[in-house]
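Undergrad: Quick one: the structure is below, questions incoming.
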Amino acid sequence: MPEKPRHNKPDPAFVKEKILLNRKYFIAYNIARLRELLRYIPEEKLDLFHSIPFLLHTNSPDLPGYLDDPLTPHGIYRFFHSGFWEFAKKRLRIKREDVHTFVLKRSYIRGLYLMGSSGTLGQTEYSDFDYWVVIDKDSLSETQLALLRQKLDRIEDWSKETYGHELNFFVVDLEQIRQNDFSEIHEEGSRTAQKSLLKEEFYLTFIMIAGQIPFWAVLPPGLNDAEHRCWIETASLLSDDNFVCDDYVDLGNLTSIKREECLGGVLWQICKAQQDPVKSLIKTSLVAHHFFFQEQEGLLSDMMKKRFPERRLDSYLLDPYALVFEKATRLYDLMDDKDGLDLIRQCIYLRLTGYPVPSELAENSPKRQILKRYVKAWSWSSDQIDRLQSYPVWTENEKLQFEDRIINKISFLYKLILRAAGKPEPFMDMASEDLAVLKNRIASHFKKKPGKLPLCSAYLRAKQDRCSLSIGCRDDSSGAKIWAVYDHTPSDCADNKAALFVAPELLRVLGWIVLNRLYKGDPSSIVFQRVPKSPISPKRAERLLKALARFFFSNEMPRLNYMRSDPPWLKVFVSLGTDIFAPDNVLRSVDYLVQNTWGEMFFCALDLEHIENDFLRCYETAKRAWHYLQKALPGESEYRIYDSRAIEDTTTTKTIEDFIKSFRESGAEHLKAREAQGPEKTATGRNGRGRPLLDLL
Amino acid sequence: MKKMAFLIVDDNSVALREISDILKYLGHKELHGSNTASEAWAMLRIKEFDCVISAWDMPEMTGLALLKIVRNDDRYVNLPFYLSDSAFTPPKVVDAGRSGVTGLIVKPYDTEIIKEKVATMAEITGMAAPTEAEMSLEEGMTLLEGQDYEGALKVFEKLIEEGESAEVYYNIGYIKTSQKKYQEAIEAFRKATQLDRLFAKAYEAMGRAYKAVGQPKKAEESLHKAADIYMSSEKDENAEEILNEILELGPDTVNVYNSLGILCRKKGDHQGALKHYKKALKIHPDEANIYYNIGRIYIDLKNPQTAETYFRTALRKDPGFKEARQVLNAIELGTL
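Note that the protein sequences, when read in sequence, are chains A and B. Reminder that position 522 of the first sequence reads as 521 in numbering that gives the first Met the number 0, one-by-one numbering, no gaps. Reminder that position 155 of the second sequence reads as 154 in numbering that gives the first Met the number 0, one-by-one numbering, no gaps.
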């Protein structure tokens with residue numbers, strides 16, 4: 000039932016006056032946000048930022064993002080009113096007489112907005128640009144929608160290749176935004192996890208780039224839905240030289256965040272915590288604040304809008320993230336959770352200094368000003384500050400422990416909300432498949448299983464492109480050989496504590512590097528220490544690493560799928576004789592690295608010492624590989640046999656492959672036989688095979 | 000560090016003196032004794048204490064009962080409360096724990112144990128016993144307040160021999176200023192600022208000492224440093240007072256008008272800020288920073304068009320002015 004208006008329609012003259020005044024405030028606010036955004040963009044990426052709106056407005060073979068199809072939707076509403084057009088005109092030296100060639104009969108993009116950390120205290124030089132491309136879906140065919148997506152993908156790729164900068168375009172339909180339906184724009188699992196939460200984030204953080212101004216930004220704060228509609232209806236009847244209703248677009252109102260949404264929101268943050276735990280704790284704390292204290296304290300977006308007139312240039316006051324930090328901290332104050340308060344303060348400090356890769360803050364920058372204020376208000380000692388300042392030199396273990404502490408706190412908040420939300424349907428607002436995906440994603444990140452390779456810290460992951468590692472082998476306290484990965488300098492090898500990761504097997508260590516994407520194929524980024532009496536030379540170890548990286552990440556991203564709670568195996572890497580001296584070249588051990596559809600990677604080793612002949616050793620090796628492959632999705636799994644021994648022996652590899660082939664064929668025959676027999680009816684029927692498995696033992 | 004106030008409750012006056020002596024030995028001076036729990040409860044309500052040490056067994060009301068009453072009052076939920084006894088039995092320990100005791104102290108009192116307990120508590124509550132140096136400083140300050148300058152000077156000079164301190168140098172400077180020995184005062188203030196580069200009061204006092212010996216340039220320099228420190232630590236009122244003092248010294252000081260403009264802007268007094276900035280421009284028409292600051296005011300006044308002209312001028316005056324270029328760019332891009 001639509002709400003009834005609380006009062007009569009507002010006077011049109013009053014509406015016009017109010018909107019024009021609020022527009023003035025909003026533009027000044029928007030300028031202040033853009034100024035902050037420009038502060039943190041490195042000079043070499045400025046061109047990229049300036050050119051994006053123009054690339055969406057045009058579809059020219061001379062420009063990135065071009066699609067050779069006349070149906071390709073492009074064009075931004077009111078683009079000629081935006082500063083970005085003026086910039087493009089100057090940069091491309093567009094003559095006055097040529098301007099008409101950029102005038103389009105129809106513009107498909109109603110608005111282009113940046114949302115998230117851009118232009119806030121949360122922005123760093125590495126922050127992605129997340130654009131919302133607002134369209135009216137009814138005006139585009141399915142083909143055109145696909146073409147638009149393709150065009151945007153091309154611009155994203157061009158940005159990555161040319162500037163090394165991550166751009167994300169989220170195409171959002173007008174009507175869907177109004178209904179808080181973001182099912183088409185988000186990552187796997189978050190489809191229905193965030194509705195009004197995402198709208199709140201959008202209204203709190205968006206920067207207007209080009210197109211129509213959201214009505215929300217120019218309407219008075221605190222309107223209920225009926226009043227919101229009423230104002231827009233009145234505004235739509237107005238039209239004169241000063242006021243053009245078509246300058247604005249209705250993206251819907253926001254009065255509250257549904258409590259049922261908060262649990263999904265927190266689950267989503269647990270998923271995201273693997274990438275950036277600090278950011279996730281801040282966001283989770285905000286969601287928890289919404290859940291418990293929204294009624295008393297209201298929405299942040301509304302609070303921000305009320306204060307648009309106060310926004311100043313070069314000031315941390317009224318930064319969207321400053322409000323988020325305030326609410327996140329307040330949560331722990333209100334709950335009287337001392338540990339939480341300490342942790343959230345540390346997270347805010349780190350976030351402001353650029354976590355996960357903190358850097359020196361510019362003198363007098365708003366970030367520095369606000370940090371100074373926080374440190375004073377929190378009565379922090381210089382020891383506490385020094386400790387956080389030295390985050391980059393914490394050992395990997397210390398960083399992981401800190402991340403664990405954060406994850407525990409997020410889990411605590413999750414449980415708290417779950418308990419308070421009550422049963423039986425705490426997730427009533429979320430699609431069941433999304434819930435399953437989120438749960439599986441969380442399990443993939445945090446569940447410990449035998450042989451599972453751990454993920455590295457967010458710091459290392461963020462530094463992966465600039466990461467320089469060295470790998471060495473040393474004796475541990477019991478005299479056993481142990482492989483270790485160190486950050487950058489070989490001298491670190493002397494200090495056991497400085498190792499990023501250690502394991503008795505080389506393949507496990509290399510698997511850890513590949514899993515965490517710390518090697519991208521550049522041989523200069525990894526130094527293999529020459530190890531006396533090692534069975535494997537630096538050159539061979541490097542070759543093995545290359546083979547692993549190619550095998551696991553040849554298609555850039557593995558085909559991850561979190562739908563099933565028992566993830567099938569996707570890839571099996573079999574390494575023959577990696578760690579053992581074998582002067583006679585006999586195969587004595589085999590190491591396996593296997594990856595499932597959740598992206599988890601496992602290591603296991605097979606000892607073949609007790610097996611009497613080569614043929615049987617090959618059989619055992621193949622049998623273990625088949626153990627994984629048979630549980631893979633049909634046609635999707637792949638394996639690779641890699642001979643690490645001093646003298647490569649193609650016969651061994653061939654024999655193992657033949658065994659796997661025969662297992663596969665017998666498995667296939669079995670399937671055919673089953674199909675011929677019709678559906679299975681009894682338990683015994685499941686054991687029937689078209690052809691018996693080769694069993695030599 | 001804050002001084003700690005102890006309330007010691009024991010019907011046994013020997014034990015009461017014993018614990019008082021130990022605490023005194025540990026450097027604590029504010030000790031209040033009571034022979035009964037009811038009197039202690041009355042004292043608690045009229046005076047603020049940082050810690051209570053009460054004997055368990057007392058006639059009329061036991062220490063445990065006092066603890067329960069104390070914990071029942073919201074104001075004293077976190078007040079450190081120790082119970083002392085010569086023989087703690089397991090039921091006593093459980094009772095005390097349930098009632099919210101901070102710790103138990105076994106009689107006879109042991110100095111080391113008391114020291115340890117008090118230190119732990121001080122660490123948690125952020126209080127500690129004053130050190131010898133702190134006590135001397137306090138003594139010096141008392142003499143200073145009583146205008147016994149020579150006596151105070153002796154104490155401070157002795158303290159300096161034991162270790163340099165910005166605060167002590169400042170006090171010496173203060174005494175020398177009172178004695179009109181300005182050069183010596185300047186020297187002492189200089190040492191204070193060398194030890195603590197952000198010691199605004201020392202810069203301020205040094206500026207005034209320079210003023211007294213007729214060195215206005217140096218006075219202005221020191222006062223300006225003090226004003227800058229006050230501004231960066233958001234003590235705007237102190238900064239404003241000093242800036243006005245500098246203006247009395249020399250009205251042609253461009254930075255003073257600029258700083259006063261910044262202070263006005265922070266207070267939201269845009270017109271006042273514009274007035275100061277424009278005065279600064281008259282003295283120094285080529286200063287790009289002032290144009291930038293005026294531009295900021297116009298943005299605050301929601302007038303980006305006028306702001307743009309000032310940022311453009313700032314950039315013309317200083318083509319390498321990165322901030323001006325960024326703001327100008329933001330205005331251009333933000334035009335809707």
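Think of the CB as a built atom: it goes at the ideal place given N, C-alpha and C, for glycine as much as any other residue. Bear in mind the structure is a predicted one, so any value in this text is a computation, not a measurement.
Which word fits residue 566 (chain A), buried or exposed, when buried means at least 16 other C-beta atoms lie within 10 angstroms of its C-beta?
TA: For the purposes of this step, residue 566 (chain A) is identified with residue 567 of the first sequence, where counting begins at 1. Its Cβ being crowded by 16 or more others within 10 Å, residue 566 (chain A) is buried.
Undergrad: Got a sec, what are the start and stop residues for the alpha helix (DSSP H) residue 53 (chain A) sits in?
TA: Within the first sequence, the letter at position 54 stands for residue 53 (chain A). Element bounds for residue 53 (chain A): 45-56.
Undergrad: Under the rule that 16 or more other beta-carbon atoms within 10 Å means buried, what is residue 515 (chain A), buried or exposed?
TA: On the first sequence, position 516 is the one that residue 515 (chain A) refers to. It counts as buried.
Undergrad: Considering residue 92 (chain B), what are the terminal residues of the alpha helix (DSSP H) in which it resides?
TA: Taking the second sequence and counting its residues from 1, the one referred to as residue 92 (chain B) is at position 93. Here the alpha helix (DSSP H) through residue 92 (chain B) covers 89-98.
Undergrad: Classify residue 13 (chain A): buried if its beta carbon has 16 or more other beta carbons within 10 angstroms, exposed otherwise.
TA: Residue numbering aside, residue 13 (chain A) sits at position 14 when the first sequence is read from its first letter. It is exposed - the Cβ of residue 13 (chain A) has fewer than 16 other Cβ atoms within 10 Å.
Undergrad: Our contact map puts residue 205 (chain A) next to residue 54 (chain A) with C-beta atoms below 8 Å; I'd like the distance itself, whole angstroms only.
TA: Position 206 of the first sequence, counted from the start, is the residue given in the question as residue 205 (chain A). Position 55 of the first sequence, counted from the start, is the residue given in the question as residue 54 (chain A). Actually they are not in contact, since the Cβ atoms of residue 205 (chain A) and residue 54 (chain A) sit about 20 Å apart, beyond 8 Å.
Undergrad: Less than 7 Å separating the beta-carbons of residue 37 (chain A) and residue 323 (chain B)?
TA: Taking the first residue of the first sequence as 1, we reach residue 37 (chain A) at position 38. Taking the first residue of the second sequence as 1, we reach residue 323 (chain B) at position 324. No, these two residues do not count as a Cβ contact at 7 Å.
Undergrad: For residue 203 (chain B), is the classification buried or exposed, using 16 other Cβ atoms within 10 angstroms of its Cβ as the cut-off for buried?
TA: Looking up residue 203 (chain B) in the second sequence gives position 204. Burial call: buried.
Undergrad: Between the Cα of residue 64 (chain A) and the Cα atoms of A:663, A:599, A:154, which residue gives the shortest distance?
TA: Counted from its first residue, the first sequence places residue 64 (chain A) at position 65. That would be A:154, whose Cα lies nearest to the Cα of residue 64 (chain A).
Undergrad: Rounded to a whole number of angstroms, what is the C-alpha to C-alpha distance between residue 120 (chain A) and residue 399 (chain A)?
TA: Position 121 of the first sequence, counted from the first residue, corresponds to residue 120 (chain A). Position 400 of the first sequence, counted from the first residue, corresponds to residue 399 (chain A). If I take the Cα positions, the gap works out to 25 Å.
Undergrad: Does any residue of chain B bring its CB to less than 7 Å from the CB of residue 27 (chain A)?
TA: Counted from its first residue, the first sequence places residue 27 (chain A) at position 28. True, the Cβ-Cβ gap to chain B drops below 7 Å.
Undergrad: Please state the DSSP three-state secondary structure of residue 473 (chain A).
TA: As a working mapping, residue 473 (chain A) is identified with position 474 in the first sequence. Of the three classes helix, strand and coil, the one that applies to residue 473 (chain A) here is strand, per DSSP.
Undergrad: Thinking C-beta only, is residue 260 (chain B) closer than 7 Å to residue 292 (chain B)?
TA: One-based indexing of the second sequence puts residue 292 (chain B) at position 293. One-based indexing of the second sequence puts residue 260 (chain B) at position 261. It is a contact, given that the beta carbons lie within the stated cut-off.
Undergrad: Would you please state the rounded distance, in angstroms, between the beta carbons of residue 538 (chain A) and residue 520 (chain A)? I believe it to be under 8 Å.
TA: In the first sequence, counting from the first residue as 1, residue 538 (chain A) sits at position 539. In the first sequence, counting from the first residue as 1, residue 520 (chain A) sits at position 521. Rounded, the Cβ-Cβ distance is 16 Å, inconsistent with contact.
Undergrad: Using a Cβ-Cβ cut-off of less than 9 Å, list which residues of the stretch 75-94 of chain A approach chain B; keep chain order.
TA: Answer in chain order: 77, 80, 81, 82, 83, 85, 86.
Undergrad: Residue ranges of each beta strand (DSSP E) run of no fewer than 3 residues wholly in the stretch 595-673 of chain A, ordered along the chain?
TA: Qualifying beta strand (DSSP E) stretches, in chain order: 600-606, 637-642.
Undergrad: Just to make sure I have the definition right: I need the residues of chain B whose C-beta is within less than 9 Å of the C-beta of residue 24 (chain A). Which are they?
TA: Translated into the one-based positions of the first sequence, residue 24 (chain A) becomes position 25. Simply 301.
Undergrad: Going by DSSP, name the residue or residues bridged to residue 75 (chain A).
TA: Numbered from 1 along the first sequence, position 76 holds the residue referred to as residue 75 (chain A). BP columns for residue 75 (chain A) point to A:108.
Undergrad: For residue 323 (chain B), name the three-state secondary structure that DSSP assigns.
TA: Taking the first residue of the second sequence as 1, we reach residue 323 (chain B) at position 324. Three-state result, residue 323 (chain B): helix.
Undergrad: Between the Cα of residue 53 (chain B) and those of B:106, B:138, B:24, B:25, spot the shortest distance and give me the residue it belongs to.
TA: To locate residue 53 (chain B), count along the second sequence from 1; it is residue 54. The shortest C-alpha separation from residue 53 (chain B) is found at B:106.
Undergrad: So, does the CB of residue 0 (chain B) fall closer than 7 Å to a CB anywhere in chain A?
TA: Indexing the second sequence from 1 puts residue 0 (chain B) at position 1. Low confidence applies here, because residue 0 (chain B) scores a pLDDT of 47, under 50, leaving its location unreliable; read the following figure in that light. So no, residue 0 (chain B) is outside the interface.
Undergrad: Assign residue 198 (chain B) to one of two classes, buried (16 or more other C-beta atoms within 10 Å of its C-beta) or exposed (fewer than that).
TA: Along the second sequence, read from residue 1 onward, the residue named residue 198 (chain B) stands at position 199. Buried.
Undergrad: Return the CA-CA distance between residue 230 (chain B) and residue 84 (chain A), expressed in angstroms with no decimal places.
TA: Here residue 230 (chain B) is taken as the residue at index 231 of the second sequence, counted from 1. Here residue 84 (chain A) is taken as the residue at index 85 of the first sequence, counted from 1. Answer to the nearest angstrom: the Cα atoms are 41 Å apart.
Undergrad: Note down the Cα distance separating residue 90 (chain B) from residue 300 (chain A), rounded to an integer number of angstroms.
TA: Indexing the second sequence from 1 puts residue 90 (chain B) at position 91. Indexing the first sequence from 1 puts residue 300 (chain A) at position 301. Distance between the alpha carbons of residue 90 (chain B) and residue 300 (chain A) is about 56 Å.
Undergrad: Identify each residue in the stretch 306-330 of chain B for which the Cβ-Cβ distance to at least one residue of chain A is less than 7 Å, and report them in chain order.
TA: Flagged, chain order: 325, 326, 328, 329, 330.
Undergrad: Rounded C-beta distance between residue 226 (chain B) and residue 242 (chain B)? I'm assuming under 8 Å.
TA: The sequence position of residue 226 (chain B) within the second sequence is 227, counting from 1. The sequence position of residue 242 (chain B) within the second sequence is 243, counting from 1. 5 Å between Cβ atoms; contact.
Undergrad: Measuring CA to CA, which of A:609, A:27, A:603, A:8 is closest to residue 307 (chain B)?
TA: Position 308 of the second sequence, counting from 1, holds the residue named residue 307 (chain B). Per the Cα distances, A:27.
Undergrad: Quick check on the burial criterion: 16 or more other C-beta atoms within 10 angstroms. Buried or exposed for residue 365 (chain A)?
TA: Working through the first sequence from its first residue, we reach residue 365 (chain A) at position 366. With 16 or more Cβ atoms within 10 Å of its Cβ, residue 365 (chain A) is classed as buried.
Undergrad: Rounded to a whole number of angstroms, what is the C-alpha to C-alpha distance between residue 186 (chain B) and residue 172 (chain B)?
TA: For the purposes of this step, residue 186 (chain B) is taken as residue 187 along the second sequence, with counting starting at 1. For the purposes of this step, residue 172 (chain B) is taken as residue 173 along the second sequence, with counting starting at 1. Their Cα atoms are separated by approximately 8 Å.
Undergrad: For residue 137 (chain A), does the count of other Cβ atoms within 10 angstroms reach 16, so buried, or fall short, so exposed?
TA: In the first sequence, residue 137 (chain A) corresponds to position 138, counting from 1. Exposed, since its Cβ has fewer than 16 Cβ neighbours within 10 Å.
Undergrad: For residue 481 (chain A), report the span of its beta strand (DSSP E) as first-last.
TA: Sequence index remark: in the first sequence, residue 481 (chain A) carries index 482 (1-based). From DSSP, the beta strand (DSSP E) with residue 481 (chain A) extends over 480-486.
Undergrad: Our contact map puts residue 505 (chain A) next to residue 535 (chain A) with C-beta atoms below 8 Å; I'd like the distance itself, whole angstroms only.
TA: In the first sequence, counting from the first residue as 1, residue 505 (chain A) sits at position 506. In the first sequence, counting from the first residue as 1, residue 535 (chain A) sits at position 536. Yes, residue 505 (chain A) and residue 535 (chain A) are in contact; Cβ-Cβ is about 6 Å, under 8 Å.
Undergrad: With H, G and I counted as helix, E and B as strand and the rest as coil, what does DSSP make of residue 11 (chain B)?
TA: Here residue 11 (chain B) is taken as the residue at index 12 of the second sequence, counted from 1. Here residue 11 (chain B) sits in coil by DSSP.
Undergrad: Secondary structure at residue 60 (chain A), three-state DSSP: helix, strand or coil?
TA: By 1-based counting over the first sequence, the position of residue 60 (chain A) is 61. Coil.
Undergrad: Taking its Cβ as the centre, do 16 or more other Cβ atoms sit within 10 Å of residue 518 (chain A), making it buried, or is it exposed?
TA: Along the first sequence, one-based indexing puts residue 518 (chain A) at 519. The residue in question, residue 518 (chain A), is buried, as its Cβ has 16 or more Cβ neighbours within 10 Å.
Undergrad: Whole angstroms is fine: what's the gap from residue 411 (chain A)'s alpha carbon to residue 573 (chain A)'s?
TA: Working through the first sequence from its first residue, we reach residue 411 (chain A) at position 412. Working through the first sequence from its first residue, we reach residue 573 (chain A) at position 574. Cα-Cα distance, rounded: 41 Å.
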